[in-house]
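Quick note on numbering: the sequence shown equals residues 32 to 100 in our numbering.
Heads up, the beta-carbon is just placed ideally off N, CA and C, and yes, glycines get one too.
In what follows, a single structure is set out as structure tokens and then discussed.
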Amino acid sequence: MNILWMAKGKFEGKDVYLTHRVRETKADLLSDIMHKAREEGFKGTIDERLKELDWEIVQVEFHEVKIGQ
């Protein structure tokens, strides 16, 4: 199974999956988000950061499809 953790947000009212925020474990994803937040001077919790960005953390399963073969 191909499972990853991603951040999901909204753009123009539609769900979007933030492919620049993808990790193999939820802990790694949360750590990455908070590391970036701290670099930007954010002092709150992960829940506060996700609320501020209007993101949620989701687990996704993907299937590889080869095109043109």
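With residue i and residue j assumed to form a contact (beta carbons below 8 angstroms), what rounded beta-carbon distance in angstroms separates them?
i     : j     : result
ARG52 : MET65 : So it is not a contact: roughly 12 angstroms between Cβ atoms.
ARG69 : LEU60 : That pair is no contact at about 15 angstroms.
LEU49 : VAL91 : Between VAL91 and LEU49 the Cβ distance is about 11 angstroms, and since that is not below 8 angstroms, they are no contact.
Taking all protein chains shown into account, do 16 or more other C-beta atoms lie within 10 angstroms of the C-beta of residue i, making it buried, or fewer, making it exposed?
i     : result
ARG80 : buried
Along the alpha helix (DSSP H) that carries residue i, what are the first and last residues, could you check?
i     : result
LYS82 : 77-84
LYS57 : 57-70
What does DSSP give as the partner residues of residue i in its beta bridges?
i     : result
LYS41 : ASP46
ILE34 : GLU92
ARG54 : TRP36
Between which two residues does the beta strand (DSSP E) harbouring residue i extend?
i     : result
GLU92 : 87-92
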